[in-house]
Amino acid sequence: QQKVQQSPESLSVPEGGMASLNCTSSDRNFQYFWWYRQHSGEGPKALMSIFSDGDKKEGRFTAHLNKASLHVSLHIRDSQPSDSALYFCAASDYAQGLTFGLGTRVSVFP
Amino acid sequence: EAAVTQSPRNKVAVTGGKVTLSCNQTNNHNNMYWYRQDTGHGLRLIHYSYGAGSTEKGDIPDGYKASRPSQENFSLILELATPSQTSVYFCASGGQHQNTLYFGAGTRLSVL
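So the sequence lines, in the order shown, correspond to chains A and B.
Count along the first sequence from 1, then add 151; that gives the number in the numbering used here.
Count along the second sequence from 1, then add 606; that gives the number in the numbering used here.
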């Protein structure tokens, strides 16, 4: 069973629009969450981390964490063509490396 | 920004052969990791290390060995490569567990 589940699998959003990605963990040991972005042919790159309940904003990206429900979301405002990529949610239980979800593929169309 | 370099970038191997994937980081991070990425499975942890001389099993260690001879270098070894190990492999480094991981550009391995 996938410990970190992401939805949707894929998402198309118009340029300038809002993209919303969701992630839920089934393991209550996970206390730290990240969003990573991977462009084709490259390694994943961290977008932002979130460790506390509530919102965290970095530029056009806003993450929201609800520890009680183990749900974390990512919202991309004013989407740009360069935002087209595979987005991973990742979680850590402080024991070993990150556990990743399967990813959400975001496509930004003109 | 943290730099993680993987070599080779592409590798074709024969079934039953030995394959070594190399990773070097220049950021003095204690922790290093090997992941593989497959469609439908995302990124899965193979082995990791807390420092020179240490290696730990991740979620899918079978068929793989790891070696951490120094702070900077971490290798993944496939003693007897099989076609099921065809994948893209990523190395990453990071500080403490709540710190961000920095990934290399990946090695695309095909086992024929």
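Glycine included, C-beta positions come from ideal geometry on N, C-alpha and C.
Note that the structure is predicted; figures quoted are calculated from it, not measured.
| Query | Result |
| --- | --- |
| Short CB-CB distance (under 8 angstroms) between GLU209 (chain A) and chain B | no |
| Identity of the residue in A:GLY254, A:SER258, A:GLN152, A:PHE260 nearest TYR187 (chain A) by Cα | A:GLY254 |
| 8 angstroms Cβ cutoff, SER163 (chain A) in contact with chain B | no |
| GLY192 (chain A) versus SER220 (chain A): straight-line alpha-carbon distance, rounded | 34 angstroms |
| Rounded straight-line distance, which links the Cα of GLY252 (chain A) to that of ASN637 (chain B) | 21 angstroms |
| Closest by C-alpha distance to PHE239 (chain A), when choosing among A:SER176, A:VAL164, A:GLY168, A:GLU166 | A:SER176 |
| Outcome for ARG228 (chain A) when other beta-carbon atoms lying within 10 angstroms are tallied against a minimum of 16 | exposed |
| Runs of beta strand (DSSP E) lying entirely within the segment 614-665 of chain B, each at least 3 residues, in chain order | 616-619, 625-631, 637-644, 648-655 |
| GLN189 (chain A), DSSP secondary structure in three states | strand |
| Chain B residues whose Cβ lies nearer than 7 angstroms to that of LEU216 (chain A) | Within 7 angstroms Cβ-Cβ: nothing; LEU216 (chain A) doesn't reach chain B, min ~14 angstroms. |
| Length-filtered (3 minimum) beta strand (DSSP E) runs lying within the segment 185-252 of chain A | 196-201, 205-209, 212-217, 222-227, 236-243 |
| CB contact flag (GLY194 (chain A), GLY712 (chain B), <8 angstroms) | yes |
| CB contact below 8 angstroms: ALA197 (chain A) versus chain B | yes |
| Sequence-distant residues of the same chain with beta carbon closer than 7 angstroms to PRO614 (chain B), five excluded per side | THR713 |
| Chain A contact residues for PHE709 (chain B), given Cβ-Cβ distances below 9 angstroms | TYR187, GLN189, GLU193, GLY194, PRO195, LYS196, ALA197 |
| Bridge-paired residues (DSSP) for ARG714 (chain B) | B:ASN616, B:VAL694 |
| Cut-off 7 angstroms between Cβ atoms - residues of its own chain near VAL610 (chain B), not counting five sequence neighbours on either side | CYS629, GLN631, CYS697, ALA698, SER699, TYR708, PHE709, GLY710 |
| Buried versus exposed, by CB contacts within 10 Å (16 or more), ARG674 (chain B) | buried |
| When A:SER158, A:GLY210, A:PHE184 are compared against GLN231 (chain A), the one with the closest alpha-carbon | A:GLY210 |
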